[in-house]
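S.K.: Next up is a structure, given as structure tokens.
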Amino acid sequence: MNGIPALAECIKTTVSPRQSAWNTLWRLKPFLDPYRARVLIAAAALLIAAGATLAIPLAFRLLIDRGFSVPDSMGESDVNGVFLTLFAVAVLLALATAVRFYCVSWLGDRITADLRKQVFSQVLKQDPVFFETLRTGEVQSRLSSDTTLIQSLIGSSISLGLRNVLLFSGALLLMIWSSPKLASIIVGLLIAVVLPILIVGRRVRKLSRDSQDRLADTGALANETLNAMQTVQSYVREDMEATRYGDAADAAFETALRRNRNRAYLTALAITLVFGSIVFVLWLGAQAVMDGRMTPGLLTQFMLYAAIVGGSTGALAEVIGDVQRAAGATERLLELMDAEPGIRSGGESLAQSNMEGASVSFRNVNFSYPSRPETQSLQNVSFDLLPGKTIALVGPSGAGKTTVLQLLLRFYDQQSGSITLNGTAIDELTLGDLRNAVGMVSQESVVFSENVSNNIRYGNPDATDAQVRQAAEDAQALEFIEKLPEGFDTYLGERGVRLSGGQRQRLSIARALLKNPPLLLLDEATSALDAESESKVQKALDRAMSGRTTLVIAHRLATIVNADQIIVLDQGQVVDRGTHQELLTNGGLYAKLASMQFGLSESQAN
953 MNGIPALAEC
963 IKTTVSPRQS
973 AWNTLWRLKP
983 FLDPYRARVL
993 IAAAALLIAA
1003 GATLAIPLAF
1013 RLLIDRGFSV
1023 PDSMGESDVN
1033 GVFLTLFAVA
1043 VLLALATAVR
1053 FYCVSWLGDR
1063 ITADLRKQVF
1073 SQVLKQDPVF
1083 FETLRTGEVQ
1093 SRLSSDTTLI
1103 QSLIGSSISL
1113 GLRNVLLFSG
1123 ALLLMIWSSP
1133 KLASIIVGLL
1143 IAVVLPILIV
1153 GRRVRKLSRD
1163 SQDRLADTGA
1173 LANETLNAMQ
1183 TVQSYVREDM
1193 EATRYGDAAD
1203 AAFETALRRN
1213 RNRAYLTALA
1223 ITLVFGSIVF
1233 VLWLGAQAVM
1243 DGRMTPGLLT
1253 QFMLYAAIVG
1263 GSTGALAEVI
1273 GDVQRAAGAT
1283 ERLLELMDAE
1293 PGIRSGGESL
1303 AQSNMEGASV
1313 SFRNVNFSYP
1323 SRPETQSLQN
1333 VSFDLLPGKT
1343 IALVGPSGAG
1353 KTTVLQLLLR
1363 FYDQQSGSIT
1373 LNGTAIDELT
1383 LGDLRNAVGM
1393 VSQESVVFSE
1403 NVSNNIRYGN
1413 PDATDAQVRQ
1423 AAEDAQALEF
1433 IEKLPEGFDT
1443 YLGERGVRLS
1453 GGQRQRLSIA
1463 RALLKNPPLL
1473 LLDEATSALD
1483 AESESKVQKA
1493 LDRAMSGRTT
1503 LVIAHRLATI
1513 VNADQIIVLD
1523 QGQVVDRGTH
1533 QELLTNGGLY
1543 AKLASMQFGL
1553 SESQAN
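Residue 953 is where the sequence shown starts when you use the working numbering, and the numbers rise one by one after that.
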């Protein structure tokens, strides 16, 4: 039905490889727009600081030509006045530089925070296909290291770049005013050196992007390994994983080394060519002074402006390297910001009156996962789930049971057929209304790095403490919660490592109960538990299912013998349906599964 674009397709349409670094960075302008006042203050301070810097050579020319070269042309008070003026200019320069530094640093930190928020918000909207093509560690790398490069660019490099552009332009104009002939020679030489600098700069940009990619690989690998530490240690694979990470880190280092080598070439090339040009022109100026065609003060002024031009050019070479690195990072972030989810929200709201009960209908649903388009996970699946009733889905692994739940939550869209909730096609409903109407308890319960209360309150952030406690009691979780060191305020650690599997599962059920959805989805919620934990969790599930429309996936048939209807799936098709007793009587796949689980012979099962 709806095609789900892979991330690679999003990348193709996001950033053209032909875009210049500045065009790429221009995409960050909307993040600056809300802070125009601070940008203007920083710009004003920048202009004042640049003006103050450019005024200093004029004072030196005045001192040399009128004070030192011509005796008695300036009195002591005049000399003192010049130096006091120089000190005042220095104070003005210091204050303007401080204001500029504070403003641009604030902008760098503020825009980085805004950028991280927007990127993360956009990532949260993506469908599962997005995360099939991009590892979570890669996303984390882009949110951390890439945004740090942009923070450095906005909070430092751009400001320094603009400052040096102003100094370069102003000093060059004043050089032309001081000596048009010498200045014209410098301008000609500078134009000749720009081309090689630009060529090397383009290569730095590409290497910067590659370096960030390799760095992201190391982050993704570390994240994957740390999330599977018990498996790594139980198989004694610490050395192997350390080697894998070491290889990834070395690959990142090699790429960074190539990037830094080219940046070093760029800096050395710029400084050598620019200062070589300036030294040559100054030699010509010295000849002019010796011939009496130029005063010492004018040459000093020209030399100082030439030094400013040279220093600015060297600094700009550094800034260009930072810009190229930040452009590579920005491209990676833009890929995330521009990625559009394949699952689009509908426009229909689910009427509040319909939230009291839920009816689900599947009609001739066919579906293949985008990563396996040649394999049909569901084929012509049809069933009706009436309000307050319970349907159980059973069948061997890979039969399509979990796929039914994923389609119902619109993590994917079917290729053909229809799925309705309370008579409305789910792709016409807003995603918020659809998913608010559904409570999900999966086999692998999710526990956040929060306390017990906040984990349960995830089902309803506005719930009172009394409601949280009641949900815990209904989920058979109150007993173990009260035995925790701080009760409901106990911090559970990353992924709930302080709880057993059964305790995590009951916490997950409490969360679903607090949400109080009209439709409950249970995905093998007891399959990974021991007998005692299963008994407690099953009691909690029975409480959750009471009077609620429920769709259950179960491998343990003993947990669904009282379901109103059992649908048997095999290879994506409905092969049988009925109550527990009807299916035992009919024989077939369900009877075989029952005979294995209940220890019955097939004749007894039948």
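Positions of the beta carbon are idealized from the N, C-alpha and C atoms, including for glycine.
1. With contact counted as at least three CB pairs below 8 Å, one residue from each stretch, are the segment 1278–1287 and the segment 1093–1107 in contact?
2. Am I right that I1371 and F1432 are in contact with their C-beta atoms under 8 Å? What's the rounded C-beta distance?
3. Beta carbon of F1400: closer than 8 Å to some heavy atom of the ligand GDP?
4. State the DSSP-derived secondary structure class of R1450, mapped to helix, strand or coil.
5. Leaving out the 5 sequence neighbours to the left and right, which residues in its chain are closer than 6 Å to D1162 when beta-carbon positions are compared?
6. Taking contact to mean at least 3 C-beta pairs separated by less than 8 Å, is the segment 1412–1428 in contact with the segment 1499–1506?
7. Measure the C-alpha to C-alpha separation of L1503 and R1409 and round it to an integer number of angstroms.
8. D1365 to K1077, Cα distance in whole Å?
9. My output table needs one value for L1436: the three-state DSSP class, helix, strand or coil.
10. Using the DSSP secondary-structure output, state which residues sit across from A1344 in a beta bridge.
11. Would you mind giving the Cβ-Cβ distance between L1459 and A1429, rounded to the nearest angstrom? I have them listed as a contact below 8 Å.
12. Please report the distance separating the alpha-carbon of L1436 from that of A1194.
13. Is G1060 buried or exposed, if buried means 16 or more other CB atoms sit within 10 Å of its CB?
14. Could you please give the first and the last residue of the uninterrupted beta strand (DSSP E) stretch that includes T1416?
15. Are I1461 and V1346 close, meaning C-beta to C-beta below 9 Å?
16. What is the DSSP secondary structure of S1368, reduced to helix, strand or coil?
17. As a quick exercise: from G1411, A1543, I1378 and D1441, pick the residue whose alpha carbon is nearest that of N1403.
18. Taking its Cβ as the centre, do 16 or more other Cβ atoms sit within 10 Å of S968, making it buried, or is it exposed?
19. Shortest alpha-carbon distance to D1336 belongs to which of V1317, E1326 and A1002?
20. Based on Cα-Cα distance, which residue from T1219, G1540, W978 and L1256 lies nearest to G1237?
21. Touch check for the segment 1285–1294 and the segment 1034–1054: three-plus C-beta pairs under 8 Å?
22. Can you name the residues that DSSP bridges to L1545?
23. For the alpha helix (DSSP H) that F1120 lies in, which residues bound it at each end?
24. Starting from M1392, follow its DSSP beta bridges and name the residues at the other end.
25. Along the chain, where does the beta strand (DSSP E) containing V1526 start, and where does it finish?
26. If you compare alpha carbons, which of E1190, S1368, S1096 and T1219 is closest to F1171?
27. Where does the unbroken beta strand (DSSP E) through S1334 begin, and where does it stop?
28. Suppose you measure from the CA of K1544 to the CA of E1534; what does that come to, to the nearest Å?
29. Would the beta-carbon of A997 fall within 9 Å of that of R1052?
30. Whole-angstrom Cβ separation of L1288 and V1527, contact assumed at under 8 Å?
31. Taking DSSP as the reference, what is the three-state secondary structure of V1275?
32. Which residue marks the beginning of the beta strand (DSSP E) containing N1406, and which one marks its end?
33. Rounded to the nearest angstrom, what separates L1124 and V1043 at their Cα positions?
34. Measure how close the beta-carbons of Y1038 and A1011 come, nearest whole angstrom, since I'm counting them as under 8 Å.
35. Please say whether A1515 and T1342 have beta carbons closer to each other than 9 Å?
36. Can you tell me whether Y1443 is helix, strand or coil according to DSSP?
M.R.: With the structure as the only source:
1. Flag = yes, the segment 1278–1287 and the segment 1093–1107 touch.
2. Stepping through the sequence shown from its first residue, residue 1371 is reached at position 419. Stepping through the sequence shown from its first residue, residue 1432 is reached at position 480. Their Cβ separation, rounded to whole angstroms, is 38 Å, which puts I1371 and F1432 out of contact at 8 Å.
3. Within the structure as shown, the ligand GDP is missing, as the structure has no ligands at all.
4. Within the sequence shown, numbered from 1, the residue matching residue 1450 stands at position 498. Coil.
5. The residue you call residue 1162 lines up with position 210 of the sequence shown. Cβ neighbours of D1162 within its own chain (closer than 6 Å, five residues either side excluded): T1207.
6. Short answer: they don't touch.
7. As a working mapping, residue 1503 is identified with position 551 in the sequence shown. As a working mapping, residue 1409 is identified with position 457 in the sequence shown. Going by the C-alpha atoms only, they are around 23 Å apart.
8. Against the sequence shown, residue 1365 aligns to sequence position 413. Against the sequence shown, residue 1077 aligns to sequence position 125. Answer to the nearest angstrom: the Cα atoms are 15 Å apart.
9. The residue labelled residue 1436 in the question sits at position 484 within the sequence shown. Of the three classes helix, strand and coil, the one that applies to L1436 here is coil, per DSSP.
10. Locating residue 1344 in the sequence shown gives position 392, counting from the first residue. A1344 has V1504 and I1518 as its beta-bridge partners, per DSSP.
11. The residue you call residue 1459 lines up with position 507 of the sequence shown. The residue you call residue 1429 lines up with position 477 of the sequence shown. That pair is a contact at about 6 Å.
12. Position 484 of the sequence shown, counted from the start, is the residue given in the question as residue 1436. Position 242 of the sequence shown, counted from the start, is the residue given in the question as residue 1194. If I take the Cα positions, the gap works out to 36 Å.
13. Looking up residue 1060 in the sequence shown gives position 108. The residue is buried, with at least 16 neighbouring Cβ atoms inside 10 Å.
14. On the sequence shown, residue 1416 is found 464 positions in, with the first residue counted as 1. First-last for T1416: undefined, no H or E at that position.
15. Counted from its first residue, the sequence shown places residue 1461 at position 509. Counted from its first residue, the sequence shown places residue 1346 at position 394. The answer is no: Cβ separation not under 9 Å.
16. One-based indexing of the sequence shown puts residue 1368 at position 416. If DSSP states are grouped into helix, strand and coil, S1368 belongs with the strands.
17. Against the sequence shown, residue 1403 aligns to sequence position 451. Nearest option by C-alpha distance: D1441.
18. Within the sequence shown, the letter at position 16 stands for residue 968. Unreliable placement is indicated for S968, whose pLDDT of 42 sits below 50; the coordinate value is still reported in the next sentence. The residue is exposed, with fewer than 16 neighbouring Cβ atoms inside 10 Å.
19. As a working mapping, residue 1336 is identified with position 384 in the sequence shown. Minimum Cα distance to D1336 is reached at V1317.
20. What you label residue 1237 is simply residue 285 of the sequence shown in a count that begins at 1. When only C-alpha atoms are compared, the closest one is L1256.
21. Put simply, the segment 1285–1294 does not touch the segment 1034–1054. Fewer than three CB pairs are less than 8 Å apart.
22. By one-based count along the sequence shown, residue 1545 stands at place 593. Per DSSP, L1545 has no beta-bridge partner at all.
23. Numbered from its first residue, the sequence shown carries residue 1120 at position 168. Counting along the chain, the alpha helix (DSSP H) containing F1120 begins and ends at I1110 to S1130.
24. As a position in the sequence shown, residue 1392 is number 440, starting the count at 1. According to DSSP, M1392 shares a beta bridge with L1473.
25. Along the sequence shown, one-based indexing puts residue 1526 at 574. Looking at the DSSP string, the run of the beta strand (DSSP E) that includes V1526 is Q1525 to G1530.
26. On the sequence shown, residue 1171 is found 219 positions in, with the first residue counted as 1. For the sequence presented, residue 1171 should be read as Gly rather than Phe. Among E1190, S1368, S1096 and T1219, the Cα nearest to that of G1171 belongs to S1096.
27. In the sequence shown, counting from the first residue as 1, residue 1334 sits at position 382. Looking at the DSSP string, the run of the beta strand (DSSP E) that includes S1334 is L1330 to L1337.
28. The residue you call residue 1544 lines up with position 592 of the sequence shown. The residue you call residue 1534 lines up with position 582 of the sequence shown. Our two residues, K1544 and E1534, have alpha carbons roughly 14 Å apart in a direct line.
29. Here residue 997 refers to the residue found at position 45 of the sequence shown. Here residue 1052 refers to the residue found at position 100 of the sequence shown. Result yes, Cβ atoms of A997 and R1052 sit closer than 9 Å.
30. Within the sequence shown, residue 1288 is the residue found at index 336, counting from 1. Within the sequence shown, residue 1527 is the residue found at index 575, counting from 1. About 43 Å; that fails the 8 Å criterion.
31. Along the sequence shown, one-based indexing puts residue 1275 at 323. Helix at V1275.
32. In the sequence shown, counting from the first residue as 1, residue 1406 sits at position 454. Careful: N1406 lies outside any beta strand (DSSP E), inside the alpha helix (DSSP H) at V1404 to R1409.
33. Here residue 1124 corresponds to residue number 172 of the sequence shown, with the count starting at 1. Here residue 1043 corresponds to residue number 91 of the sequence shown, with the count starting at 1. Computed Cα separation, rounded: 24 Å.
34. As a first step, residue 1038 must be located in the sequence shown, where it is residue number 86. As a first step, residue 1011 must be located in the sequence shown, where it is residue number 59. Note on identity: in this sequence residue 1038 is Leu, with Tyr being the wrong assignment. At roughly 5 Å, the Cβ-Cβ gap stays under 8 Å, so L1038 and A1011 are in contact.
35. On the sequence shown, position 390 is the one that residue 1342 refers to. On the sequence shown, position 563 is the one that residue 1515 refers to. Against a cut-off of 9 Å, the Cβ pair of A1515 and T1342 comes out as a contact.
36. Taking the sequence shown and counting its residues from 1, one reaches residue 1443 at position 491. Y1443 falls in the strand class under three-state DSSP.
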